[in-house]
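Some notes on the structure that comes next.
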Amino acid sequence: MSSWLPSSIGSDPAVLSKEPDVSGTGYSSEPQSALGRFAETASWVLLAMLLVLSLWWPCDTAIAVAKGESFWHIGLALGVFFFAAILASSVARTVAWQRMSVLWLLIAMVIAWHALVTGYSIGRVNSKNAIYGFWQSTALWCLIPSVAWLARTPERAARLVKLWWVIALFVILWGFWEYAVLQPSQQAQLAKDRIGYLQANNIDPDSSAAVLIVNRIESTEVLSVFALANSYAGFLVALWPLWFGWMLQGLGRSPESRSAVRSGASDANRFSDRAVWLVPLVLVIATALALLLTKSRTAWLATGVATVLAMLLDPILRSDLGRWIKQKPGVFAGLGVMLLGLFGTVYAIDPLIFQEAGKSLAYRMDYWRGAWKLIAEQPLFGFGSLNFQTAYLQVKAITASESPADPHNFLLELAHSGGLVLLGLTVLLMVCLSFFQLRSRLFRSEKLSEPVFSEPVYNEPMGASMRGPKWFWGAAIIASVLVFLFAFFTAGDLELYGTAIVLAGAFAFGVWLTRSPAASASVYLLVKNHPLLFLVSFLGVLVHFLASGGWMFPGTMVSPAIALGLWIAGANWAESTQTLGQPSTLSQPSALGRSKGVLAALAILGLWGWSMAMPWFQAQRAYAAFPKDGKTGRLVLDKAIADKSLPTVDEYFALVTSAPLDPDLARWGMEFSGAVMDSDIPVSEKASWLHQFQQACKFLIERSPKDSTAYADAAVESLRTSIGQTLDTSLTEEMAFRRQGGGPALRGPSASGGARSRGGAARATTTRTIGTQLQEDSLRYYQEATKYAPANAELHLQTAMVAAMLGNWKVCEAKLDQAEEIDRETQHRDRKIEAARIWIPHELAPLLEDRAKSAKKIPEDSSPQWDTFKRLVDRSDSVPGEPVRQMLRSFFNKP
7 MSSWLPSSIG
17 SDPAVLSKEP
27 DVSGTGYSSE
37 PQSALGRFAE
47 TASWVLLAML
57 LVLSLWWPCD
67 TAIAVAKGES
77 FWHIGLALGV
87 FFFAAILASS
97 VARTVAWQRM
107 SVLWLLIAMV
117 IAWHALVTGY
127 SIGRVNSKNA
137 IYGFWQSTAL
147 WCLIPSVAWL
157 ARTPERAARL
167 VKLWWVIALF
177 VILWGFWEYA
187 VLQPSQQAQL
197 AKDRIGYLQA
207 NNIDPDSSAA
217 VLIVNRIEST
227 EVLSVFALAN
237 SYAGFLVALW
247 PLWFGWMLQG
257 LGRSPESRSA
267 VRSGASDANR
277 FSDRAVWLVP
287 LVLVIATALA
297 LLLTKSRTAW
307 LATGVATVLA
317 MLLDPILRSD
327 LGRWIKQKPG
337 VFAGLGVMLL
347 GLFGTVYAID
357 PLIFQEAGKS
367 LAYRMDYWRG
377 AWKLIAEQPL
387 FGFGSLNFQT
397 AYLQVKAITA
407 SESPADPHNF
417 LLELAHSGGL
427 VLLGLTVLLM
437 VCLSFFQLRS
447 RLFRSEKLSE
457 PVFSEPVYNE
467 PMGASMRGPK
477 WFWGAAIIAS
487 VLVFLFAFFT
497 AGDLELYGTA
507 IVLAGAFAFG
517 VWLTRSPAAS
527 ASVYLLVKNH
537 PLLFLVSFLG
547 VLVHFLASGG
557 WMFPGTMVSP
567 AIALGLWIAG
577 ANWAESTQTL
587 GQPSTLSQPS
597 ALGRSKGVLA
607 ALAILGLWGW
617 SMAMPWFQAQ
627 RAYAAFPKDG
637 KTGRLVLDKA
647 IADKSLPTVD
657 EYFALVTSAP
667 LDPDLARWGM
677 EFSGAVMDSD
687 IPVSEKASWL
697 HQFQQACKFL
707 IERSPKDSTA
717 YADAAVESLR
727 TSIGQTLDTS
737 LTEEMAFRRQ
747 GGGPALRGPS
757 ASGGARSRGG
767 AARATTTRTI
777 GTQLQEDSLR
787 YYQEATKYAP
797 ANAELHLQTA
807 MVAAMLGNWK
817 VCEAKLDQAE
827 EIDRETQHRD
837 RKIEAARIWI
847 PHELAPLLED
857 RAKSAKKIPE
867 DSSPQWDTFK
877 RLVDRSDSVP
887 GEPVRQMLRS
897 FFNKP
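In this note's numbering, the protein residues as written are 7 to 901.
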């Protein structure tokens, strides 16, 4: 061991021997001002909260990030960066620290270009998605220098690694609880009463959400806290090299170290010594089992690549590998047999994992071909972040299966988001990050000696030297308590029991890591001796992302970002111990040099507040004022109307336009104004709300252009709103009366059921009703939706159905032909008409019957297809696609 390293290695720098005076002037890595010390404390607190939040609520899907669910993740990461920048301006810097400025410049270039293309995308794509995706990516890039600045000594790095591992164990244990307890319980409830189970969880049994939930419950994949098994697998890949190296470090200790412990240590010390290699071994086995249960073949490949890289790149493991193979060939042979046995067991239980690998690759080839087509359309600026699915639907082949949220390849995703320039800058950045002082660490052979723990280590109170900064661990504990309280008040009994058990297990592991001198020393030695494992952790995740999604999402990328930050920080540790007594390694930057990081952080925080935080809070204000019903998903306005708390038209318009780039706020406005139209407010007021409804539909289309989903949502709401106006023509009469220059606004109930008739109102019957106008709007929106999703059979069939309601038989037949063509071309059952669900409001079924009979589409004695269709509509508004197709086709079959 180095002469200055004590036998008891903790996470508190105050307990270690004083850091070397490298400059000869009393140098210390501690902040040189009170502001710097406060900034360091604040950074650690925010980083602890970010870790807990990211690995408990990972937001690992594009939908979650686009909805703004990662808002607090982004805010915490940028807060860490701001305070870490202040800290960096108040500490002395080594030469390695100064060389890092090149890396930070490259990160700034990536962020700047990404900001440029995000600005270019405004008005061309879903701008909210592009902005949220940009900030999510920027927050994770900023986390890398933050970690490098905070972990400027190996003691501080070990502190961060411990918290990372404690939270990671929580995630893994929760995954096993979910797999062994929750999934069997949910599967039993689903098998007993599928519809009842879905309705109890506020899910429409006939909706697409129900299909997703059922598939998730019936699958045998372990997901843990993640939404996708591939995301969880990526998280495990980041952990694997570190826990694998930690296990080898414990198993590879010298016989002298073991004999010293056995001869002079107490029982507690012997147990602690055994736990140093036993705990890592258990963690490696648990991680391997979890990886197998994810069924992610890309993660298995990435894990194998990471293992090989760890053994080849890490100089200590590389030098020990030959010795271990010679000394213990049986152990390695046993490991190989065990690995083959595990894969054999998995194949015996679920052979589809391997048999359908080719099908999975074929799906990815569809994604990649579509991504290349889109990149060729916009090679310089791309389409903005989180907009792949919308754009992919425009070029999706009829024979393709799924419509993914990303291309399942992070290189293609970068090119699609920001063009080839963003791809080139990011690849250059990752190469520079990976090769940062690689040579000096790749061929380094010296290592710290193994600590020998004997009785004197325990003369002071147990763990007094291992507790670390109180604020750091306090923030982590408080965040964990909040997780438990959330489960207590919101989750079911099984989830609550599982949370308590898993938290107890993670807490016990954390206590052992921080209070056991042997455990603290082993983590410190891993960090100090094996920094290359952090690089391997990052590279392993990149291999996984070559054929999987999850790039730049909180739960999947926070671990690789921390690992990369620790890898960069490791260059500073190596220089500190290799250049003792060389004053030239230190320099004090100028005032401008010290302030550059702080100014950059301030600029980023200001831009984030203006472009994301303020619009986000504005939207939340609108959502909170008028929540949705948990069962129907519709806005609850009855109480607001009764309490006269309904906003005026002007107030509503101010809410909808408060975030002018937010399509979700426009969608809320569309639903809100549509619900008001269906309410019991006076007819005279409905005219203004009709205009607001149509304006909200327009806002939605403008804020998410060329988006088939946006057009379809506008179509659905228009058709739904038309129901009330078809059954009650009072608004039509009111509008006709106004056009004729009528007197005071109509307010009383009609003779037709909603408002009383006036002079001139009878002539309204000869004009198009408001209901008909809304139905025509719905058809127009549906036609636009099919234009931007040409391979969607369900959407074409739904459009044909609405056209039939309006008696537009030309459009109906054209869209029906397209739906049938897609059905013939595709080989995927979930994309065929038989898997589709067509929404047909039963209130409008008589309208369809009248139009069909008027056009002599239905025989006088009816038809089997029509009778079947009517029975299905009477039973549910969501009708299977095949009976709808047969009924519509019967309209055009010649007798």
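Cβ coordinates follow ideal geometry from the N, Cα and C atoms, glycine included. Just so we're clear, the structure is a prediction, and the values are computed from it rather than from any experiment.
If we call anything under 8 Å between Cβ atoms a contact, is A512 one with L179?
-> yes
Could you pull the start and end residues of the alpha helix (DSSP H) that R835 belongs to?
-> It is not in any alpha helix (DSSP H) - R835 carries neither H nor E in the DSSP assignment.
If A672 sits next to F632, beta carbons under 8 Å apart, how far is it from one beta carbon to the other, in whole angstroms?
-> Between F632 and A672 the Cβ distance is about 15 Å, and since that is not below 8 Å, they are no contact.
Pull up the distance between the alpha-carbon of G336 and that of L539, whole angstroms please.
-> 26 Å
Sequence-distant residues of the same chain with beta carbon closer than 7 Å to K929, five excluded per side = In the structure displayed, the chain extends from 7 to 901; residue 929 sits before or after that span and is not available.
Length of the line joining the Cα atoms of L519 and P160 | 16 Å
Give me whichever residues DSSP pairs with S884 in a beta bridge.
-> W845
Pick from A94, L608, R324, P37: whose alpha carbon is nearest that of R600?
-> A94
Could you name each continuous alpha helix (DSSP H) segment of 4 residues or more that falls completely within the region 138-184, going from the start of the chain to the end?
-> 160-183
In whole angstroms, what is the alpha-carbon distance linking F515 and G74?
-> 33 Å
CA-to-CA distance, Q871 to Q892, given in whole angstroms | 6 Å
Residues that DSSP places opposite V131 in a beta bridge | I128
Beta-carbon separation of A575 and V51 under 8 Å?
-> no
Smallest Cα separation from V722: which of E677, D713, Q701?
-> E677
Which of the three DSSP states, helix, strand or coil, is assigned to K534?
-> helix
K634 - partner residues in DSSP beta bridges | L641
Around the Cβ of F449, are there at least 16 other Cβ atoms within 10 angstroms (buried) or fewer (exposed)?
-> exposed
So, helix, strand or coil for A569, using DSSP?
-> helix
Counted within 10 angstroms of its Cβ, other Cβ atoms place G181 as buried (16 or more) or exposed | buried
Who are the Cβ neighbours of A693 in its own chain at under 8 Å, not counting the five residues just before and after it?
-> L737, E740, M741, R744
Supposed close pair F416, W557 - CB separation, criterion 8 Å = 4 Å
Under a Cβ-count criterion, where at least 16 other Cβ atoms within 10 Å of its own Cβ denotes burial, should E930 be classed as buried or exposed?
-> No information on residue 930 is available, as it lies outside the stretch 7 to 901 that the chain covers here.
Could you give the DSSP three-state label for A799: helix, strand or coil?
-> helix
For A421 versus L434, is the C-beta spacing smaller than 8 Å?
-> no
Ignore the nearest five residues each way along the sequence and tell me which others in P413's own chain have a CB closer than 7 Å to its CB.
-> Y373, W374, A377, F394, E419, H422
Can you check whether the CB of F89 is closer than 8 Å to the CB of S49?
-> yes
Is M558 helix, strand or coil when you go by DSSP?
-> coil
Residues near A121 by beta carbon distance below 7 Å, same chain, minus five either side = F140
Would you kindly work out how many angstroms separate the C-alpha atoms of R200 and V220, rounded to a whole number?
-> 9 Å
Could you tell me the distance, in whole angstroms, from the CA atom of S724 to the CA atom of I707?
-> 13 Å
Excluding the 5 residues preceding and the 5 following G766 in the sequence, name in chain order all residues of the same chain whose CB lies nearer than 8 Å to its CB.
-> For G766, the pLDDT reaches just 41, beneath the cut-off of 50, and the residue's location in the model is therefore unreliable, although a value from the coordinates is still provided. A742, F743, Q746, G748, listed in sequence order.
Measure from the alpha carbon of A149 to the alpha carbon of each residue in A72, A607, W622, then state which is nearest.
-> Going by the sequence as given, residue 149 is Leu instead of Ala. When each option's Cα is compared against that of L149, the closest is A607.
Assumed close pair G571, A157 - CB separation to whole angstroms, cut-off 8 Å | 7 Å
Would you decide whether K838 is buried or exposed? Buried here means 16 or more other CB atoms lie within 10 Å of its CB.
-> buried
For G777, which of P190, L853, P669, I846 has the nearest alpha-carbon?
-> L853
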